[in-house]
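If you're matching positions, the sequence shown starts at 1 in the UniProt record's numbering and goes up one per residue. Here a beta-carbon is modelled for each residue, glycine too, at the ideal position from N, C-alpha and C. Presented below is the structure to which this report refers.
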Amino acid sequence: MTKSHSVDILNSGFVIKTAKTSEFNEKLHCEIEKIKVLCQIYPNLIVPILHDGSADGRRFYILEKKHGSSLSKIVFDNDYPIKRRRKIICQALDQIKSAIEIECSKKNDVFDNINLRLLEEWDKLSSIHELFDTPIMFEGRKAFITGRSIVEKALHLSNTEKFISIENAHCNFHFGNVIFNEIKNAISFIDPDCTMNGVDPYFGYSRFVFSFWHELANEIQDAVKIIPVENNMLFTIQNDDHRNIVQSITELQYISGISRWIDKSDYKRFYTLTVLCFLRSIRINGDLKEWKAPQHPRTATPSEILFLGLHYYLESLPANTYQ
């Protein structure tokens, strides 16, 4: 995936985001406009733009650098006790809930066609559908259903559940876009997503819970290993701390772990949007060459790690707790 922008952090404390080339100007312009709107909706949660313009034919904008660390750094920092990391994750979810509730209060009358979005993403992954048909195990535990069944369940729910459409929602509460200021004990957000305009704001929750697997897939080398076992694929996380995160932080472990922030009546809606989030990321970040089951142990690809995350987060419990 071609990166659309560069980010420069100056000694003065300013952060400058600049389009890589003029072809990305519209994307950056859209982001600028969305940040300005969100600053009016929840000014205490979004980092505002200090200045924007063009230089050498490329759009840019300037933010004030917030003191603190992104959740990407905190969650994967084993110097932080796991209980402390979980507490910060819960604090972030509190603020994400506040933002999403405000966004939902400004809903449009038009409902977003989630079914169509899902079908489009699924069709674009046709070269790796065999992966979704393959039985898997994770850390010795056998999965209850196939990946294809998860997609089919989401497609069904996309026709039975009600989804709202919001033109100006953040939708991108990825760990890297959630900033925690330890001194002020405060959370703030950067980098809203302009490519998902009109999607249900609960997609923001999906972006958050999928972040752990996205980081494993794209930022960490040799994070997960695949071992063929009879007719199954066994996935194992290679780093003890990473395994501890997913097994100890309930909010990242399975869908019911987020019940403090999402009512059970909205689980099906959230389930569907989370499938959409993972499929979209597999398309964007993965290698979409025709997939074949490995014959020998090897390192998992980004596509396979994201597939594992989809499976584990939504279907690691034997009971369908969201139904």
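Alpha carbon to alpha carbon, how far is ILE164 from GLU120? 19 angstroms
Proximity below 9 angstroms, CB of GLY176 to CB of SER248: no
For the stretch 180–238, list the alpha helix (DSSP H) runs that are entirely contained and at least 4 residues long, ordered along the chain. 203–218
Distance, Cα to Cα, ALA92 vs ASP200? 19 angstroms
CA nearest to the CA of VAL75, picked from ARG117, ILE96, GLU315, GLU251: GLU251
Reduced DSSP category for ARG260 - H, G, I as helix; E, B as strand; rest coil: coil
Which one of ILE16, SER98, ASN113, LYS20 has the shortest CA to CA distance from ASN159? ASN113
So, with DSSP's three-state summary, where would you put SER69? strand
Can you have a look at GLY13 and say buried or exposed, based on whether 16 or more other CB atoms are within 10 angstroms of its CB? exposed
Three or more beta-carbon pairs under 8 angstroms between the stretch 40–58 and the stretch 85–99, yes or no? yes
Please return the same chain residues whose Cβ sits closer than 8 angstroms to the Cβ of ARG283, not counting the five positions on each side in sequence. GLU121, LYS124, LEU125
What are the boundary residues of the beta strand (DSSP E) that includes PHE138? 136–138
Is DSSP giving ASP123 helix, strand or coil here? helix
Since GLY53 sits in a beta bridge, which residues does DSSP pair it with? PHE60
On the three-state DSSP scale, how would you describe PHE14? strand
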